[in-house]
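Enquirer: Here it is, the structure, as structure tokens.
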Amino acid sequence: MKKALFLVPLMALAVAVSAQTYKKVKVDIGLGYAIPKESGGGTKAGATFTLEPHYRLTDAISLGLRMEGAALAHVNNLGGEDSDAKVSVLYSYCATGEYYLGKSSFRPFVGAGLGFFKSASVTLDDETMNGGSSPQVVPGSSDFGFFPRVGFETGHFRMSAEYNIVGSGGYFAAKIGFFFGGGKK
0 MKKALFLVPL MALAVAVSAQ TYKKVKVDIG LGYAIPKESG GGTKAGATFT
50 LEPHYRLTDA ISLGLRMEGA ALAHVNNLGG EDSDAKVSVL YSYCATGEYY
100 LGKSSFRPFV GAGLGFFKSA SVTLDDETMN GGSSPQVVPG SSDFGFFPRV
150 GFETGHFRMS AEYNIVGSGG YFAAKIGFFF GGGKK
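Using numbering that gives the first Met the number 0, you'd call the opening residue of the sequence shown number 0 and step up by one each time.
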């Protein structure tokens, strides 16, 4: 009788538990297009590069560390009178989490992340471009920020969109890329 009381719950647990069908570790590599929240500071759009290792807790939940760099630029009246250029560089280190909404070959996901963002910028004007003065460099600032994210994976292809909220600013990024590992076992 004691064995039956032990075996029945154990067998019920074995039926309820499903095996993980995806590899635990994956690394995303992505390139994207970034648009700042406001272009009033002189920057327009630019590019992003992302490296993000993940660890899957389950088939549906993964935790990761996103390392991203973004370069945003704006050039006004290039080669003409009163020309100027501004380049802002941002990079971030953020803890991330994702929840996958399916187990088919097409896997949409929602996620979020939070961490540290650092930025710096340089401005060139007519005088600087003609050698009359040195560029105006704005030293970097560090801010805490976060971002919501949506996207999908199919095969080893990944596409995502996120809005990075940093201090009083931020930027939207749409990215495409691929990942190593993390596929079905």
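Glycine is no exception: its CB is placed at the ideal position from the N, C-alpha and C atoms. Small disclaimer: the values here were computed from a predicted structure and weren't measured.
By Cβ distance below 7 Å, which residues in the same chain neighbour Lys36 in space, the five residues on each side in sequence not counted?
Expert: Gly168, Gly169, Tyr170.
Enquirer: Can you give me the C-alpha to C-alpha distance between Lys183 and His155, rounded to a whole angstrom?
Expert: Rounded to whole angstroms, Lys183 to His155 spans 10 Å at the Cα level.
Enquirer: Let me know the beta strand (DSSP E) ranges lying completely inside the region 97 to 169, each 3 residues or longer, listed in chain order.
Expert: Qualifying beta strand (DSSP E) stretches, in chain order: 105 to 124, 135 to 153, 156 to 165.
Enquirer: Opposite Thr47 in the DSSP bridges: which residues?
Expert: Thr47 is bridged to Gly31, Ala69.
Enquirer: My understanding is that Val88 touches Ala119, with C-beta atoms under 8 Å, so please give their C-beta distance in whole angstroms.
Expert: That pair is a contact at about 6 Å.
Enquirer: Check this for me: beta carbons of Phe151 and Gly114, under 9 Å apart or not?
Expert: Contact: no.
Enquirer: With distances taken Cα to Cα, identify the nearest neighbour of Phe177 among Asp27, Lys2, Lys23, Tyr21.
Expert: That would be Asp27, whose Cα lies nearest to the Cα of Phe177.
Enquirer: Tell me whether Lys195 sits in a helix, a strand or coil according to DSSP, three-state version.
Expert: The displayed coordinates of the chain run from 0 to 184. Any statement about residue 195 would go beyond what the structure contains.
Enquirer: Taking its Cβ as the centre, do 16 or more other Cβ atoms sit within 10 Å of Asn75, making it buried, or is it exposed?
Expert: Label assigned to Asn75: exposed.
Enquirer: Sort Tyr32, Thr122, Ser159, Ala94 by Cα distance to Pro138 and report the nearest one.
Expert: Of Tyr32, Thr122, Ser159, Ala94, the residue nearest in Cα terms is Thr122.
Enquirer: Taking DSSP's pairing of strands, which residues face Asp83 in a bridge?
Expert: Partner(s): Asn75, Asp124.
Enquirer: Measuring only the C-alpha atoms, how far is Ser91 from Ser132?
Expert: Those two C-alpha atoms are separated by around 31 Å.
Enquirer: Applying the criterion that 16 or more other CB atoms from any shown protein chain within 10 Å of the CB defines a buried residue, is Gly101 buried or exposed?
Expert: Label assigned to Gly101: exposed.
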